[in-house]
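Number 166 in UniProt numbering belongs to position 166 of the sequence shown; there are no gaps in the numbering. In this text, a Cβ means the ideal position worked out from N, Cα and C, and glycines have one as well. Have a look at the structure below before the remarks.
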Amino acid sequence: MSTLLALDTATEACSVALLHDGKVTSHYEVIPRLHAQKLLPMIKQLLEDAGTTLAAVDAIAFGRGPGAFTGVRIAIGVVQGLAFALERPVLPVSNLAVLAQRALREHGARQVAAAIDARMDEVYWGCYRETAGEMRLVGAEAVLPPESAVLPVGAEGDWFGAGTGWGYGERIGVHPAGQDGAMLPHAEDLLTLARFAFERGEAIAADQAAPVYLRDKVAQTKAERGIV
Numbered sequence: 001m002s003t004l005l006a007l008d009t010a011t012e013a014c015s016v017a018l019l020h021d022g023k024v025t026s027h028y029e030v031i032p033r034l035h036a037q038k039l040l041p042m043i044k045q046l047l048e049d050a051g052t053t054l055a056a057v058d059a060i061a062f063g064r065g066p067g068a069f070t071g072v073r074i075a076i077g078v079v080q081g082l083a084f085a086l087e088r089p090v091l092p093v094s095n096l097a098v099l100a101q102r103a104l105r106e107h108g109a110r111q112v113a114a115a116i117d118a119r120m121d122e123v124y125w126g127c128y129r130e131t132a133g134e135m136r137l138v139g140a141e142a143v144l145p146p147e148s149a150v151l152p153v154g155a156e157g158d159w160f161g162a163g164t165g166w167g168y169g170e171r172i173g174v175h176p177a178g179q180d181g182a183m184l185p186h187a188e189d190l191l192t193l194a195r196f197a198f199e200r201g202e203a204i205a206a207d208q209a210a211p212v213y214l215r216d217k218v219a220q221t222k223a224e225r226g227i228v
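Written out as structure tokens, the structure reads:
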């Protein structure tokens, strides 16, 4: 049985999870701007609670974005530092997929429109469908104005809206059967997705770990903000 460590700092939530001896333990806190200070102590405590050490870890999974730019960079920095030291591979996981997986775990939602508030009047958007316990992307992830968010071509049945992007719900032209606009990614669900990826042999070398922001710039020009 593999031992996998998962961590996520891409949103206001900071969370870690561990699969060891077939058991999953996790720790989750909503602590905006404290991720850098809290993440390593959380990992240390998690390993102690599970009665193991970093040396036992076979691979490290992390939320690779989209999300807060600083948060995603914190996760990658920590993951690369640990993975290089341990000579272990890493597993990048989409934060939108993590949201969808959490919606499956907590709400039984098998079709999820995941949205994260991207600021600048946009949302990170991705649609997922459950297959054998794994939420899989349908179509593509994107960053776009709320009005441009749509379900995949040919979408049928009930969809669940998950994530802070649904704070723009009145502007999104999708009407989910249910939603949770306060939901943030949780490392427990990241770990679930990482297990599927690890079993498929999708782990990569630590130096290949890279953030996925979905957009190349983080600030609007004066023209884009309507400033002359």
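Just how far apart, CA to CA, sit A142 and G126? Just so you know, the alpha carbons of A142 and G126 end up roughly 7 Å apart.
Taking its Cβ as the centre, do 16 or more other Cβ atoms sit within 10 Å of L4, making it buried, or is it exposed? Flag for L4 reads buried.
Using a Cβ-Cβ cutoff of less than 6 Å, which residues in the same chain neighbour A83 once the five nearest sequence positions on both sides are dropped? Only I60, V90 and A206 meet the Cβ criterion.
How would you write the range of the alpha helix (DSSP H) that G77 sits in, first residue to last? Run containing G77: F69 to L86, per the alpha helix (DSSP H) assignment.
Closest residue to L46 among V30, E156, S15 and L99 (Cα-Cα distance): Ranking the options by Cα distance to L46, first place goes to S15.
Which residues bound the beta strand (DSSP E) around Q179? Per DSSP, the unbroken beta strand (DSSP E) holding Q179 starts and ends at G178 to D180.
Are the stretch 102-118 and the stretch 34-48 in contact at 8 Å, needing three or more beta carbon pairs? The count of Cβ pairs closer than 8 Å, one atom from the stretch 102-118 and one from the stretch 34-48, stays below three, leaving the stretches out of contact.
Can you list, in chain order, the residues of its chain with a C-beta nearer than 8 Å to that of A194? Leave out the 5 residues immediately preceding and following it. Cβ-Cβ distances below 8 Å link A194 to L4, A6, A59, A61, L91 and V93 in the same chain, with the five nearest sequence neighbours on each side left out; the list follows chain order.
Enumerate in chain order the residues of its own chain whose CB-to-CB distance from H27 is below 6 Å, with the five nearest sequence positions on each side excluded. Once the five neighbours on either side are set aside, the close Cβ partners of H27 are V16, M42 and L46.
Considering only residues of the stretch 81-157, which uninterrupted alpha helix (DSSP H) runs meet the minimum length of 4 residues and lie entirely inside it, listed in chain order? Annotation: the stretch 81-157 contains the following complete segments of the alpha helix (DSSP H) (minimum length 4 residues), in chain order: 95-107.
Residues of its chain near V138, where Cβ-Cβ distance is below 6 Å and the 5 sequence neighbours each way are ignored: For V138, where only same-chain residues beyond five positions count, the Cβ hits under 6 Å are C127, R129 and P152.
Boundaries of the beta strand (DSSP E) in which E29 is found, first to last residue: Segment K23 to V30, the beta strand (DSSP E) holding E29.
Between P185 and L54, what straight-line distance do the alpha-carbon atoms span, to the nearest angstrom? One C-alpha to the other measures close to 23 Å.
CB of A10 within 7 Å of CB of G67, strictly: In this structure, G67 lies closer than 7 Å to A10 by Cβ.
Could you give the residue range of the alpha helix (DSSP H) that holds I43? Counting along the chain, the alpha helix (DSSP H) containing I43 begins and ends at H35 to A50.
Quick check: A209 and I76, are their CB atoms within less than 7 Å of each other? It is a contact, given that the beta carbons lie within the stated cut-off.
Over what stretch of residues does the beta strand (DSSP E) that includes A194 continue unbroken? For A194, no beta strand (DSSP E) run applies; the uninterrupted alpha helix (DSSP H) run containing it begins and ends at A187 to E199, by DSSP.
For H35 and E122, the rounded distance between their alpha carbons: If you take the alpha carbons of E122 and H35, they lie about 24 Å apart.
Using the C-alpha atoms, what's the distance from E202 back to A100? So the two alpha carbons sit approximately 20 Å from each other.
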